[in-house]
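Asks: Structure provided below as structure tokens; questions to follow.
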Amino acid sequence: GAGVSQSPSNKVTEKGKDVELRCDPISGHTALYWYRQSLGQGLEFLIYFQGNSAPDKSGLPSDRFSAERTGGSVSTLTIQRTQQEDSAVYLCASSLGNPGNTIYFGEGSWLTVV
Amino acid sequence: QKEVEQDPGPLSVPEGAIVSLNCTYSNSAFQYFMWYRQYSRKGPELLMYTYSSGNKEDGRFTAQVDKSSKYISLFIRDSQPSDSATYLCAMGKSNFGNEKLTFGTGTRLTIIP
């Protein structure tokens with residue numbers, strides 16, 4: 816597709832279950848970001864991948880959160896033992912990875928933990 | 059204190075009015091300043107970006123940055139109902155496009171026909 820694709824678009828899960836969220840960046844984009852958007856909050860940075868460099872994981876809120884990027888393209892964000900406070904929109908974004916390049920966002924995965 | 063502060067609104071104005079949206083920030087390392095527009099249940103889309111202080115105009119939109127006051131603004135002229143959305147300011151320190159951005163909470167704007 817032409818844009819950043821995320822799946823699932825909506826996910827309802829029970830507290831304590833693990834969830835996986837997937838992101839397909841725009842073809843050719845080397846930089847990939849995960850952000851979280853909670854009600855009434857701005858976008859909160861989670862993790863950043865750039866090419867083959869070690870990811871910047873400084874925004875991950877706890878060790879229940881992890882992400883990987885396989886083959887420099889698709890990324891999966893995993894949340895283990897979900898808690899109700901994990902309910903949020905998880906947004907993926909990508910860019911060409913050079914200064915001045917636009918960062919394009921997907922439509923997000925809406926996660927509800929019940 | 060958050061690095062970036064933005065009034066969450068909501069803000070309602072009549073069609074045709076001039077809209078002013080603002081953010082303040084505390085970290086003087088920010089050099090790139092962006093405005094994103096986010097429609098309901100959609101991802102944010104880049105509207106404007108500026109580097110350092112100054113003004114930038116694009117059609118009905120004008121972005122202003124005052125680094126001395128650590129204050130940025132987005133003006134929308136001749137506002138239209140299609141401008142109804144949440145507007146997020148975002149800031150980067152050096153390599154916009156190659157680094158994490160810091161976002162404001164967003165201002166929800168409604169243009170009343």
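Going line by line, the protein sequences match chains U and A.
Heads up: the first sequence begins at 816 in the working numbering, then just goes up one per residue.
Heads up: the second sequence begins at 59 in the working numbering, then just goes up one per residue.
Heads up, the beta-carbon is just placed ideally off N, CA and C, and yes, glycines get one too.
Since this is a predicted model, take the numbers as computed values, not measurements.
Once DSSP output is grouped into helix, strand and coil, what is the label at Pro139 (chain A)?
Replies: In this structure, Pro139 (chain A) counts as helix in the three-state DSSP scheme.
Asks: In this structure, how does DSSP classify Glu835 (chain U) when only helix, strand and coil are distinguished?
Replies: Glu835 (chain U) falls in the strand class under three-state DSSP.
Asks: So with Cβ pairs under 8 Å, would you call Leu104 (chain A) a contact of chain U?
Replies: Leu104 (chain A) counts as touching chain U.
Asks: Rounded C-beta distance between Gly847 (chain U) and Phe864 (chain U)? I'm assuming under 8 Å.
Replies: First, the residue type needs correcting, since residue 847 (chain U) is Leu and not Gly in the sequence shown. Right, their Cβ atoms sit about 4 Å apart.
Asks: Mind listing, in chain order, the continuous beta strand (DSSP E) runs of no fewer than 3 residues lying wholly within the stretch 102 to 139 of chain A?
Replies: Fully enclosed beta strand (DSSP E) runs of 3 or longer: 103 to 109, 112 to 116, 119 to 124 and 129 to 134.
Asks: Mind pulling the chain U residues with CB within less than 8 Å of Thr163 (chain A)?
Replies: Result: Gly855, Gln856 and Gly857.
Asks: Using 8 Å as the limit for Cβ to Cβ distance, is Lys8 (chain A) near chain U?
Replies: Lying outside 59 to 171, the shown extent of chain A, residue 8 (chain A) is not represented and no answer is given.
Asks: Which first and last residues belong to the beta strand (DSSP E) in which Lys826 (chain U) is found?
Replies: Element bounds for Lys826 (chain U): Asn825 to Thr828.
Asks: Is Pro66 (chain A) close to chain U? Criterion is C-beta to C-beta, closer than 8 Å.
Replies: At least one chain U Cβ lies under 8 Å of Pro66 (chain A).
Asks: Taking C-beta to C-beta, are Ala148 (chain A) and Tyr97 (chain A) nearer than 8 Å?
Replies: Their beta carbons are not under 8 Å apart, which means Ala148 (chain A) does not touch Tyr97 (chain A) by this criterion.
Asks: Measuring alpha carbon to alpha carbon, tell me which of U:Val928, U:Leu906 and U:Ser924 ends up nearest Glu103 (chain A).
Replies: For the residues U:Val928, U:Leu906 and U:Ser924, the minimum Cα distance to Glu103 (chain A) belongs to U:Leu906.
Asks: For chain A, check one thing: does any of its Cβ atoms lie closer than 8 Å to the Cβ of Thr927 (chain U)?
Replies: It does not: the Cβ of Thr927 (chain U) has no partner Cβ on chain A nearer than 8 Å.
Asks: Ile134 (chain A): buried (16+ other C-beta within 10 angstroms of its C-beta) or exposed?
Replies: With 16 or more other Cβ atoms within 10 Å, it is buried.
Asks: For Thr160 (chain A) versus Asp65 (chain A), is the C-beta spacing smaller than 8 Å?
Replies: Going by C-beta atoms, Thr160 (chain A) is not nearer than 8 Å to Asp65 (chain A).
Asks: Contact criterion: CB-CB distance below 8 Å. Does Glu922 (chain U) meet it with respect to chain A?
Replies: With 8 Å as the cut-off, Glu922 (chain U) counts as an interface residue toward chain A.
Asks: Three-state secondary structure (DSSP) at Glu61 (chain A)?
Replies: Correct three-state label for Glu61 (chain A): coil.
Asks: Classify Asp878 (chain U) as helix, strand or coil using the three-state DSSP reduction.
Replies: DSSP places Asp878 (chain U) in coil when its eight states are reduced to three.
Asks: If you check the beta carbons only, do Thr108 (chain A) and Ala121 (chain A) fall under 8 Å apart?
Replies: Yes; because the gap between Cβ atoms is below 8 Å, this pair is in contact.
Asks: Is the CB of Leu79 (chain A) under 8 Å away from at least one CB in chain U?
Replies: So no, Leu79 (chain A) is outside the interface.
Asks: Straight-line CA distance for Thr828 (chain U) to Pro914 (chain U)?
Replies: So the alpha carbons of these two residues sit roughly 38 Å apart.
Asks: Going by CA-CA distance only, name the one from U:Ile841, U:Gln852 and U:Arg896 that's closest to Tyr919 (chain U).
Replies: Among U:Ile841, U:Gln852 and U:Arg896, the Cα nearest to that of Tyr919 (chain U) belongs to U:Ile841.
Asks: Please report the residue range of the beta strand (DSSP E) in which Asn80 (chain A) lies.
Replies: Looking at the DSSP string, the run of the beta strand (DSSP E) that includes Asn80 (chain A) is Val77 to Tyr83.
Asks: Flag this pair as yes or no: are the beta carbons of Pro884 (chain U) and Ser890 (chain U) separated by less than 8 Å?
Replies: In the sequence on display, residue 884 (chain U) carries Arg and not Pro. It is a contact, given that the beta carbons lie within the stated cut-off.
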